[in-house]
Every structure is written in C-alpha cells, then in structure tokens.
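Each residue of the sequence shown is one higher than the one before, starting from 4 at the first, in our numbering.
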Amino acid sequence: MDNQPHGCTKKINVGFVLHTEGLDMTDIKGQDNTSNINDSPPATEGDKLPLEHVKVRHRGVYLLPNLFTTGAMFAGFYAILAGMDGKFEAAAIAIFIAMIFDGLDGTVARMTNTSSEFGLQYDSLSDMVSFGIAPAVLAFSWILNEIGRIGWAAAFIYASCAALRLARFNTQVDSGKSDCFVGIPSPAAAALIASLVWCSHGIELTNELAFLVAAVTALVGLLMVSNFHYRSLKEVDLKGKVPFVVIFSVVMGLIVVTIDPPRILFIFALVYSFSAPALWLKAKIYGVKM
Numbered sequence: 004m005d006n007q008p009h010g011c012t013k014k015i016n017v018g019f020v021l022h023t024e025g026l027d028m029t030d031i032k033g034q035d036n037t038s039n040i041n042d043s044p045p046a047t048e049g050d051k052l053p054l055e056h057v058k059v060r061h062r063g064v065y066l067l068p069n070l071f072t073t074g075a076m077f078a079g080f081y082a083i084l085a086g087m088d089g090k091f092e093a094a095a096i097a098i099f100i101a102m103i104f105d106g107l108d109g110t111v112a113r114m115t116n117t118s119s120e121f122g123l124q125y126d127s128l129s130d131m132v133s134f135g136i137a138p139a140v141l142a143f144s145w146i147l148n149e150i151g152r153i154g155w156a157a158a159f160i161y162a163s164c165a166a167l168r169l170a171r172f173n174t175q176v177d178s179g180k181s182d183c184f185v186g187i188p189s190p191a192a193a194a195l196i197a198s199l200v201w202c203s204h205g206i207e208l209t210n211e212l213a214f215l216v217a218a219v220t221a222l223v224g225l226l227m228v229s230n231f232h233y234r235s236l237k238e239v240d241l242k243g244k245v246p247f248v249v250i251f252s253v254v255m256g257l258i259v260v261t262i263d264p265p266r267i268l269f270i271f272a273l274v275y276s277f278s279a280p281a282l283w284l285k286a287k288i289y290g291v292k293m
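Set out below in structure tokens:
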C-alpha cells in the first residue's frame, strides 16, 4: 500500500466501461473521493476501485406485456412450421391467435403504464414473424408455389412490405394522428391472407386461383406501405364506461363470427383492407374532405 499523509485519499480516474452479467457499471470517470490536498498523486496501475464507489445500474424489462408479445411470436412461428407442413387450417388459426396476443400486449402496456422502447422494438420483431413472414410462407406453401416465380415474387412483396411498414411505424410512432394508421396495419393484412387460406384451402387448386391469390397477396402488401389512412382502435378507453349498445354489439359480433369463422373473418378483413382506398376514391370523386 502506498504511503500517504493521514486523512488523504486518492482521486481515481477510470476511463473504461465494464459490462457484467446483470450489471452495467458505467460513467464512473472522475469520481472525487474527497481530499483536503489538491495535488494528490495519480492513480497507479495496481490501484483497485472500491466496490462502494461503483455506480451499478440494474437493467430489466417489463414482464407482463412482453409475455404476450412472446406468445404472439410463438403462434407466428408455429404458423410458419404448420404452413410448411401442409397444415394450412392450423397455420391460419395460429395467425389469428397471434393477433389476439398482439392486441393484448399493447393494451396491457398502456393500461399498466409499462410501455418501453424495448417493448416497442420487441413487438415489431414479433409482428414481422407473425404478420410478415408467416402469412407469406402460408400463402406460398398453399398455392403460390404452383405458379413459380410469380408466386414467390408475390410472397416476397408481401414480406418486404411488412418489414417496411413496421420500420416506418417505428420511426413515426411519436408523430402524426394517434387515431389512425398510415397504411394498413400488418395484423389486418395478415388476417386477410390467413382468412383467405382458411376458407379456401379445401377447394380445388387451379392456376386461375393461384394468380388471384398472388394478386391479393401483393396488393395487400402494397397497401401496408401506402399512404391510405386506416382507423385505429388504440384510443378506445377500455377502463371507461360505454353505452349498453356497445356491449350488445360486441356480443352480437362474436355470435356472427362463430357461425362461420373463416368466411366471416375474411369478409371483415376484406372490408377493412379496402375501406381506406374506397374512402379516398369517394373523396376524390365527390370532393369530400377526409
């Protein structure tokens, strides 16, 4: 130990960043451990930094919303495997299950005030798996492979547009109107593809049907990167009171869906997908301000 006058401590200058498992010891450069002597000798190579002088910052993520995000990604991953294995109905259902989990993670995060940048990025990666890759693989495995390059080109257009849509959303998340989306949301686009496969996988496959599916797949992909404005349900206050007719409408909607889930869901997804282009066209023709 170096000889020093009694009551004098050293000024230790540490200029590196130390990362350990579960700890992030950063920004401890230039900590002055107090002294009445201004000209303290510089720290030598053998000096050690006292543990109590290390600023420890614990990192973590919110558990509940990210559990739902993980569930959505798991369902999307299963949909990919099921589609490649020829289990088209199970794959389509898995995509809709992923949609439920995806809706819950954001809702839970907003209601419990646990939104975070990590959650935003993790949700986007999960969406890319469940609503970007899974529908494209499902459509290609079902029928698009029958028309060769046109089929995989349509599937790639969809997947790449989903990635661009998610990237654009992340860069614009703090700007623009919160009650609408610019471009169709990827879950809605995935719902259209999944419901189309779900209600049609049992019919005879023809080249005409394959070209039609390729056109729908590519078109809904392009809608994701369009500038059409789609209504958002994010601003619905789930903690507030609503009129009785709202609850009644929800119950009736669920009953209608249970009558024929694949076809009813396909109709809902189709109407929502082309609602924004229809409203835009109406505004252009009649001069209505949107």
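All C-beta atoms, glycine included, are put in the ideal place defined by N, C-alpha and C.
Bear in mind the structure is a predicted one, so any value in this text is a computation, not a measurement.
Q) Any idea if Val248 is buried or exposed, counting beta-carbon neighbours within 10 angstroms, 16 or more meaning buried? A) With fewer than 16 other beta carbons inside 10 angstroms of its own, Val248 counts as exposed.
Q: For the region 122 to 130 and the region 168 to 177, state whether three or more C-beta atom pairs, one from each stretch, are separated by less than 8 angstroms.
A: Contact between the region 122 to 130 and the region 168 to 177 is present, because at least three Cβ pairs lie under 8 angstroms.
Q. What separation, rounded to the nearest whole angstrom, lies between the Cα atoms of Thr64 and Gly122?
A. According to the sequence displayed, residue 64 carries Val and not Thr. Roughly 8 angstroms separates the two Cα atoms.
Q.
Using the three-state DSSP reduction, which class does Leu282 fall into: helix, strand or coil?
A. helix
**Q.** Member of Ile100, Ser278, Ala197 whose CA lies at the smallest distance from the CA of Phe269
**A.** Ala197
Q | Endpoints, beta strand (DSSP E) assigned at Gly184 | A | Note that residue 184 corresponds to Phe in the displayed sequence, not to Gly. Taken as a continuous stretch (DSSP letters only), the beta strand (DSSP E) holding Phe184 covers 183 to 185.
Q: Would you please state the rounded distance, in angstroms, between the beta carbons of Ala157 and Ala272? I believe it to be under 8 angstroms.
A: 18 angstroms between Cβ atoms; not a contact.
Q: With a 10 Å radius around its C-beta and 16 neighbouring C-beta atoms as the bar for buried, classify Ala281 as buried or exposed.
A: exposed
Q.
Using C-beta distances below 6 angstroms, list every residue in its chain close to Ser144, excluding the 5 sequence neighbours before and after it, in chain order.
A. Only Gly86, Met87 meet the Cβ criterion.
Q: Kindly list the residues whose CB is nearer than 6 angstroms to the CB of Ala101, restricted to its own chain and excluding five residues on each side of it in sequence; keep chain order.
A: Ala75, Ala78, Gly79, Ser133
Q) Nearest CA to the CA of Leu141: which residue from Leu212, Lys285, Tyr81, Ile262? A) Tyr81
Q.
Assuming the contact rule is C-beta atoms closer than 8 angstroms, Ser229 and Gly186 should be a hit. Round their C-beta distance to whole Å, please.
A. 5 angstroms
Q.
Which residue marks the beginning of the alpha helix (DSSP H) containing Tyr65, and which one marks its end?
A. Careful: Tyr65 lies outside any alpha helix (DSSP H) and carries neither H nor E.
Q | Sequence-distant residues of its chain with Cβ nearer than 7 angstroms to Thr117 (five each side left out) | A | Tyr65, Leu67, Pro68
Q | Enclosing alpha helix (DSSP H) for Thr220 [first to last residue] | A | 210 to 227
Q. Of the choices Glu211, Leu225, Phe251, whose alpha-carbon is the least far from that of Leu147?
A. Glu211
(Q) The beta strand (DSSP E) that contains His232, what's its start and end? (A) 232 to 234
**Q.** Euclidean distance between Cα positions of Ile250 and Val260
**A.** 16 angstroms
Q.
Between Gly224 and Tyr275, how many whole angstroms is the CB-CB distance? I'm expecting something under 8 angstroms.
A. The pair is not a contact, with the Cβ atoms about 16 angstroms apart (cut-off 8 angstroms).
**Q.** Separation of Gln124 from Trp155, as counted between CA atoms
**A.** 28 angstroms
(Q) Spatial neighbours of Pro265 within its chain, please: C-beta separation below 7 angstroms, excluding the five flanking residues on both sides. (A) Ser198, Trp201, Cys202
Q) With burial defined as no fewer than 16 other Cβ atoms inside 10 Å of the residue's Cβ, what is the status of Met227: buried or exposed? A) buried
Q: Pick helix, strand or coil for Ser118, following the three-state DSSP scheme.
A: coil
Q) So what does DSSP say about Glu149, is it helix, strand or coil? A) helix
Q: Reducing DSSP to helix, strand and coil, say where Lys32 ends up.
A: Reliability of the predicted coordinates at Lys32 is poor, the pLDDT of 43 falling under 50, and no value is obtained from them.
Q | Opening and closing residue of the alpha helix (DSSP H) in which Met255 lies | A | 247 to 262
Q.
Glu149 and Leu107 - do their beta-carbons sit closer together than 8 angstroms?
A. no
Q: State the Cα-Cα distance for the pair Phe71 and Lys287, rounded to the nearest angstrom.
A: Those two C-alpha atoms are separated by around 41 angstroms.
Q: Under the assumption that Tyr233 contacts Pro188 (Cβ atoms under 8 angstroms), give the Cβ distance between them as a whole number of angstroms.
A: 7 angstroms
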